[in-house]
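Take the sequence shown: its letter number 127 is residue 403 in the working numbering, and every next letter is one higher.
Glycine residues also receive a C-beta, built at the ideal position from the N, C-alpha and C atoms.
Worksheet: one structure, shown below.
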Amino acid sequence: MSSSFHQLPRQIALDLGCAPKASLGNFIATGNENLLEVLTEIKQSLPQSLQTGAPKTALKAEQRMIHIWGESGSGRSHILEAMKLLATDLNQASWMLGHDSSDDDWREAGLVISENPQSFALLCVDDVDSLDEFAQGALFRIHNLIRESSSQVLLTSSKVPPTNLDLRDDLRTRLAWGLVFKMHALSDDEKLNALEQAAQARGLQLSHDVPPWLLRHFHRDMSSLMSLIEALDTYSLETKRAVTLPLVKELLALKN
Numbered sequence: 277m278s279s280s281f282h283q284l285p286r287q288i289a290l291d292l293g294c295a296p297k298a299s300l301g302n303f304i305a306t307g308n309e310n311l312l313e314v315l316t317e318i319k320q321s322l323p324q325s326l327q328t329g330a331p332k333t334a335l336k337a338e339q340r341m342i343h344i345w346g347e348s349g350s351g352r353s354h355i356l357e358a359m360k361l362l363a364t365d366l367n368q369a370s371w372m373l374g375h376d377s378s379d380d381d382w383r384e385a386g387l388v389i390s391e392n393p394q395s396f397a398l399l400c401v402d403d404v405d406s407l408d409e410f411a412q413g414a415l416f417r418i419h420n421l422i423r424e425s426s427s428q429v430l431l432t433s434s435k436v437p438p439t440n441l442d443l444r445d446d447l448r449t450r451l452a453w454g455l456v457f458k459m460h461a462l463s464d465d466e467k468l469n470a471l472e473q474a475a476q477a478r479g480l481q482l483s484h485d486v487p488p489w490l491l492r493h494f495h496r497d498m499s500s501l502m503s504l505i506e507a508l509d510t511y512s513l514e515t516k517r518a519v520t521l522p523l524v525k526e527l528l529a530l531k532n
């Protein structure tokens, strides 16, 4: 075999650690269909002037404040990252803030939102249950600004329902004002089904022992698993071999 043939699989293996960018399209919505429907509506309601030159379209009132909660691995961060990237790709004001954000980060977001109440802006706040006193106060003020706007969105996440958050009372109450969704984490059976569906969508036939083995020996988050399916698809085509367990182990070994 030529040396160039060996280089391609090795590059594929090295890319396995780089999960694809989060998007609504690669979010496995099982159990979270209602949330995905709302976020898709927001995506479609973004300022139309960006695409057609038409006047900006105000969002529905209930779409402007959304709180999602659920256990780690349920997809909360994926959703926030997907919406942040969507706004960034459309050159719209957006922020991803959390417990590690500086006071200046919070001040900047609040200032831009207050000075542009009718312009689209998206603020994503991950793990609000980890915010310090300053951040809680900043989020309280921003929440009030967004509530009075017509084109801004506040998307927050936590590990427990907003009513159970260990936050200042006025902020905890406000986080429950908008839409609240509990994120459903995929069970192992649902992950197996998702892997098989992703493979079928690519015309890829997985050996029956491959999906269970991946859940036991590979990263269990869906972004990493879907990235591996993509790599297996390419590696299988290049080597002209079926996706069996030996092929999977061979590909993963190239990463080391």
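### Where the beta strand (DSSP E) containing Trp453 begins and where it ends
To locate residue 453, count along the sequence shown from 1; it is residue 177. No beta strand (DSSP E) contains Trp453, which DSSP labels as neither H nor E.
### Message
Let me see if you follow: with CB-CB separation under 8 Å, is Leu356 close to chain C or not?
### Response
Among the chains in the structure shown there is no chain C, since it carries only a single protein chain.
### Message
Taking DSSP's pairing of strands, which residues face Phe303 in a bridge?
### Response
Here residue 303 corresponds to residue number 27 of the sequence shown, with the count starting at 1. Answer by DSSP bridge pairing: none, since Phe303 is not bridged.
### Query
Beta-carbon separation of Glu338 and Leu455 under 8 Å?
Taking the first residue of the sequence shown as 1, we reach residue 338 at position 62. Taking the first residue of the sequence shown as 1, we reach residue 455 at position 179. Taking 8 Å as the Cβ cut-off, Glu338 and Leu455 qualify as a contacting pair.
### Task
Determine the extent of the alpha helix (DSSP H) in which Gln476 is found, giving its start and end residues.
Start at 1 with the first residue of the sequence shown, and residue 476 comes out as number 200. First-last of the alpha helix (DSSP H) with Gln476: 464 to 477.
### Task
Would you kindly report the start and end of the unbroken alpha helix (DSSP H) that includes Ala414?
Looking up residue 414 in the sequence shown gives position 138. The continuous alpha helix (DSSP H) containing Ala414 extends over residues 409 to 423.
### Every unbroken alpha helix (DSSP H) inside the region 485 to 524 [4 residues or more]
As far as the region 485 to 524 is concerned, its whole alpha helix (DSSP H) runs of at least 4 residues are 486 to 493, 498 to 515.
### Alpha-carbon spacing of Pro437 relative to Asp405, whole angstroms
Within the sequence shown, the letter at position 161 stands for residue 437. Within the sequence shown, the letter at position 129 stands for residue 405. Pro437 and Asp405: Cα-Cα distance of roughly 10 Å.
### Task
State the start and end residues of the unbroken alpha helix (DSSP H) segment that holds Thr432.
Counting from one through the sequence shown, the residue named residue 432 turns up at place 156. Counting along the chain, Thr432 falls outside any alpha helix (DSSP H), though it belongs to the beta strand (DSSP E) covering 428 to 434.
#### Entry: Counted within 10 angstroms of its Cβ, other Cβ atoms place Thr432 as buried (16 or more) or exposed
Taking the first residue of the sequence shown as 1, we reach residue 432 at position 156. Buried, because 16 or more other Cβ atoms sit within 10 Å of the Cβ of Thr432.
### Query
Since His354 is in the beta strand (DSSP E), which residue starts that stretch and which ends it?
The residue given as residue 354 occupies position 78 in the sequence shown. Boundaries around His354 are those of the alpha helix (DSSP H), 352 to 365, since no beta strand (DSSP E) includes it.
#### Entry: Residues near Val429 in its chain [Cβ-Cβ closer than 6 Å; skip 5 each side]
Residue mapping note: residue 429 aligns to position 153 of the sequence shown, counting from 1. Scanning its chain for C-beta atoms nearer than 6 Å, with the 5 sequence neighbours on each side dropped, one finds around Val429 the residues Arg340, Leu398, in chain order.
### Query
Going by Cα to Cα distance, which pick from Thr364, His375, Asn308, Lys297 is closest to Leu443?
In the sequence shown, the residue the question calls residue 443 occupies position 167. Minimum Cα-Cα distance from Leu443 among the listed residues Thr364, His375, Asn308, Lys297 corresponds to His375.
### Message
Between the alpha carbons of Lys467 and Leu312, how many angstroms are there, rounded?
### Response
Along the sequence shown, read from residue 1 onward, the residue named residue 467 stands at position 191. Along the sequence shown, read from residue 1 onward, the residue named residue 312 stands at position 36. Taking the Cα positions, Lys467 is about 18 Å away from Leu312.
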